[in-house]
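Counting from 2, one number per residue, gives the positions in the sequence shown under my numbering.
Positions of the beta carbon are idealized from the N, C-alpha and C atoms, including for glycine.
Source: prediction; values computed, not measured.
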Amino acid sequence: MDSGVFKKTVIKTVIYTIGIGTAAAIGALVGMKIALYKEPTAIEPENHNIPVLGALFSYMDDKELKAYTEQFKASMNVGGGQRFTDLQIRRFYQLKLSPDEVLHFHDTEKPNALLIYPSADGNGAFYDVSSQKFLANVKEKYDVGVLVATVEQEVYAAIDEIPTIELLVLSGHGTKDSLRLGERNPAEQKHANYRNEEFMIDLYDWKLLKHLDKLSPNATIFLNSCSTATGGKEADNLANFVSFAASRRKVIASKEDFKTQEINVVSRYPLELKIEVDGKDATYYSK
């Protein structure tokens with residue numbers, strides 16, 4: 002065989018082999034992804050490294066979410082219970098909660114807990130894998146009620162509904178003096194030239210007093226929100242306000258911005274946490 006022809010044949014064979022190997026690898030990845038989607042999972046980011054696979058995964062997410070939404074709405078219609086928006090249902094899906102877990106509080110001999118999540122979460126901080134793990138951890142020791150809230154009135158109603166709450170977790174993007182739950186839609190926001198107080202819990206929410214008074218006297222409140230304890234016990238911050246509103250029940254918060262994966266659970270019941278940010282203890286305890 003001519004040496005030039007031989008070289009061309011070898012090159013073609015190598016290229017063909019690499020192509021087959023790449024196709025097989027992609028096929029294996031797709032197969033693995035399909036296997037993972039047998040149960041609802043958190044929405045994955047859209048910036049996948051392989052655009053074709055990214056589009057496929059996004060399609061699968063949409064399909065799973067659509068099926069979950071239909072199941073959720075069917076359960077709501079049968080039970081005739083609380084109505085939820087599509088955004089709230091999507092958030093429940095991201096937390097891997099079944100419709101039954103959301104729509105019905107099952108009160109057993111375990112202590113009761115209420116976890117509030119924000120409908121507004123632009124960076125997905127409260128619906129990632131770390132948040133799912135934290136929720137699963139709490140569920141092992143408590144009977145758990147979960148609410149995705151947009152306005153503070155929804156929080157008050159949920160507190161009043163569940164008896165003898167021993168753990169209340171309020172999640173939302175925070176500042177020194179506020180914890181955000183939801184937000185107005187863009188059309189409404191454009192015309193609003195004032196602070197949207199109903200979409201957050203802040204230092205002006207004196208209505209909290211009568212609702213937090215219904216918690217167990219030994220209840221723990223965790224402000225799962227950045228910087229709500231800025232300045233510590235002597236500062237005018239949300240952590241101290243909530244502690245006062247809750248008649249000095251134990252409040253846990255953070256003095257710094259933090260990520261869910263920086264929360265270390267020391268004890269699940271009663272809840273004890275340590276929040277470490279860049280190796281520094283940022284945990285606040287009211288007592």
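Item to check | Assigned exposure category for A26 - 16 Cβ within 10 Å defines buried | outcome: By one-based count along the sequence shown, residue 26 stands at place 25. Here A26 scores only 45 on pLDDT, less than 50, and its place in the model should not be relied on; the value that follows carries that caveat. Exposed is the call here.
Checklist entry - Using the C-alpha atoms, what's the distance from L136 back to N124? => result As a working note, residue 124 is residue 123 in the sequence shown. As a working note, residue 136 is residue 135 in the sequence shown. Going by the C-alpha atoms only, they are around 18 Å apart.
Item to check | Assigned exposure category for S255 - 16 Cβ within 10 Å defines buried | outcome: The residue you call residue 255 lines up with position 254 of the sequence shown. It is buried - the Cβ of S255 has at least 16 other Cβ atoms within 10 Å.
Checklist entry - Is DSSP giving S255 helix, strand or coil here? => result If you number the sequence shown from 1, residue 255 lands on position 254. If DSSP states are grouped into helix, strand and coil, S255 belongs with the strands.
Checklist entry - DSSP on I90, reduced to helix/strand/coil? => result Walking along the sequence shown from the start, residue 90 turns up at place 89. Correct three-state label for I90: helix.
Item to check | Integer-rounded CB distance, given that L98 should sit under 8 Å from M77 | outcome: Taking the sequence shown and counting its residues from 1, one reaches residue 77 at position 76. Taking the sequence shown and counting its residues from 1, one reaches residue 98 at position 97. Wrong, their Cβ atoms sit about 14 Å apart, outside the cutoff.
Next on the checklist: Tell me which residues share the same chain as Y286 and place their Cβ nearer than 8 Å to its Cβ, disregarding the 5 neighbours each side in the sequence.
Outcome noted: By 1-based counting over the sequence shown, the position of residue 286 is 285. The residues are K251, V252, I253.
Checklist entry - Would you say the segment 170 to 179 touches the segment 110 to 127, given that touching needs at least three Cβ pairs under 8 Å? => result yes
Checklist entry - What do you reckon, is the C-beta of A159 under 6 Å from a heavy atom of the ligand NAP? => result Among the components modelled here there is no ligand, and therefore nothing to report on the ligand NAP.
Checklist entry - For the segment 167 to 236, which segments carrying the alpha helix (DSSP H) assignment without a break, of at least 4 residues, lie completely within its bounds, in sequence order? => result 187 to 191, 209 to 213
Item to check | Beta-carbon spacing of K177, D144 below 7 Å | outcome: The sequence position of residue 177 within the sequence shown is 176, counting from 1. The sequence position of residue 144 within the sequence shown is 143, counting from 1. Cβ atoms of K177 and D144: not closer than 7 Å.
Next on the checklist: Assuming L204 and L239 are in contact, meaning their beta carbons sit under 8 Å apart, how far apart are those beta carbons, in whole angstroms?
Outcome noted: Taking the first residue of the sequence shown as position 1, residue 204 is located at position 203. Taking the first residue of the sequence shown as position 1, residue 239 is located at position 238. About 7 Å separates the two Cβ atoms, so the contact holds.
Item to check | Endpoints, the beta strand (DSSP E) within which V152 is located | outcome: Mapped onto the sequence shown, residue 152 falls at position 151. Unbroken run through V152: none, as it is neither H nor E.
Next on the checklist: Measuring straight from C-alpha to C-alpha, what distance separates I90 and F73?
Outcome noted: Mapped onto the sequence shown, residue 90 falls at position 89. Mapped onto the sequence shown, residue 73 falls at position 72. Their Cα atoms are separated by approximately 7 Å.
Item to check | Proximity of L182 and T229 at Cβ, strictly below 7 Å | outcome: Walking along the sequence shown from the start, residue 182 turns up at place 181. Walking along the sequence shown from the start, residue 229 turns up at place 228. It is not a contact, given that the beta carbons lie outside the stated cut-off.
Item to check | Member of A114, V147, A236, D258 whose CA lies at the smallest distance from the CA of N219 | outcome: Taking the sequence shown and counting its residues from 1, one reaches residue 219 at position 218. Taking only the C-alpha atoms, the option nearest N219 is A114.
Item to check | DSSP state of T261 mapped onto helix, strand, coil | outcome: Numbered from its first residue, the sequence shown carries residue 261 at position 260. Helix, per DSSP.
Checklist entry - To the nearest angstrom, how far is it from the Cα of E263 to the Cα of E257? => result As a position in the sequence shown, residue 263 is number 262, starting the count at 1. As a position in the sequence shown, residue 257 is number 256, starting the count at 1. Computed Cα separation, rounded: 11 Å.
Next on the checklist: Along the chain, where does the beta strand (DSSP E) containing A114 start, and where does it finish?
Outcome noted: Here residue 114 is taken as the residue at index 113 of the sequence shown, counted from 1. That run of the beta strand (DSSP E) goes 113 to 119.
Checklist entry - Exposed or buried, what is E153 when buried is set at 16 or more other beta-carbons lying within 10 Å of its beta-carbon? => result Within the sequence shown, residue 153 is the residue found at index 152, counting from 1. The residue is buried, with at least 16 neighbouring Cβ atoms inside 10 Å.
Checklist entry - Leaving out five residues before and five after M201 in sequence, what residues of the same chain have Cβ atoms less than 8 Å from its Cβ? => result Taking the first residue of the sequence shown as position 1, residue 201 is located at position 200. Excluding residues within five positions, the ones whose Cβ falls inside 8 Å are E153, G173, S179, L180, R181, L182.
Checklist entry - Where do the N-terminal and C-terminal ends of the beta strand (DSSP E) with E277 fall, by residue? => result Residue 277 sits at position 276 when you count from the first residue of the sequence shown. Here the beta strand (DSSP E) through E277 covers 273 to 278.
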